[in-house]
Amino acid sequence: MHIADGILQLPVVAAGFAGAGAMTWYSLRQIKRQGDPRERIPRAALLTAAFFAASLIHLPLPPAGVHLVLNGLLGVMLGWFAFPAILVGLFLQAVMFGHGGLTSLGVNSLILGLPALLAWRLFHWRRDPEAGPTRTGWRGLLAGSGALAASLLLFMAALLLGLPAAYSQESALAALAVITAAHLPLIVLEGIIAGLLVAYLQRVKPAILNGI
C-alpha cells in the first residue's frame, strides 16, 4: 500500500510532507514527556525492522498480490514511537527496494502512521490491564484490522484527491476496486496476527503491553 513517485500532484505532496513533519514533531514531543525513552528504543528498532521486512513478504491474494503491513501491530506495541518508526521504515523501503517513493514519503507516512496511532488508542481505550489473554486478543484483532482498513481508506482518498487531471477517473476507480478486493483478506489476516501476538504477550509478559 505505497503510492509511488510521480503520481500525486505537487500540492498533495507538499501537504503530505507538512503533515508528516508535524506528526513526527508531535510524536517525539510526546515521547519526551513520557520520561527517558532510551529503554524503549530497542523495542522500537526491532519493530521498525519487522515493519521493513514485512514489505518483502508478498501474499498472492486474488485479484492481486499484496504484502504485509503490520502498522496496527506497531501502533499497539509502540504507542507514540509508531509514527517515527513507520517513517523510517518507509524511507528505507523506498531507498533500498523502490517501494513507494521519496516524493510520496510524507503522504505514505500519514496513510500508515495515523491509523497506527489510532490502533494504539483503540487497543488501550478503557482496557483492563488484568484482563485475560482472550479479551486482550480480541482487542488486538480489532486494532490490527482497523488500522489497515483505515489505511486503505486514506490510500484511496489520497489517490482520488491527488491524481492529475490527465488520469482517467474511471480507470482510477477500477484500479481502487481491485486494490480494495485484494486487501480485504489481508485486513482479516493482520487482525489475527495482532490478536494472537498480544494474547500471547498478555499471558507471558503483560508488562510489555501495560507500559506503553
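In this text, residue positions in the sequence shown follow our numbering: the first is 4, and each later residue adds one. We put the beta carbon where it would ideally sit given N, CA and C, even for glycine.
A straight line joining the alpha-carbon of residue 97 with that of residue 139 spans about 34 Å.
Inclusion of residue 78 and residue 123 in the CB contact set at 7 Å is warranted, their separation being smaller than that value.
Put simply, of 87, 37, 181 and 14 the residue whose alpha carbon is nearest the alpha carbon of residue 23 is 87. Excluding residues up to 5 positions away in sequence, 69 lie with their Cβ nearer than 6 Å to the Cβ of residue 62 in the same chain. Comparing alpha carbon positions, the residue from 17, 106 and 51 closest to residue 5 is 106.
Using a Cβ distance threshold of 7 Å, residue 76 and residue 147 count as a contacting pair. Shown here, residue 62 sits in a strand according to DSSP, grouped into three states. Just so you know, the alpha carbons of residue 81 and residue 197 end up roughly 13 Å apart. Taken through DSSP and simplified to helix, strand or coil, residue 127 comes out as helix.
With a threshold of 16 other beta carbon atoms within 10 Å, residue 111 meets it and is buried. Between residue 153 and residue 121, the beta carbon gap of about 6 Å places them in contact (Cβ cut-off 8 Å).
Straight across, the Cα-Cα distance linking residue 30 with residue 137 is about 30 Å.
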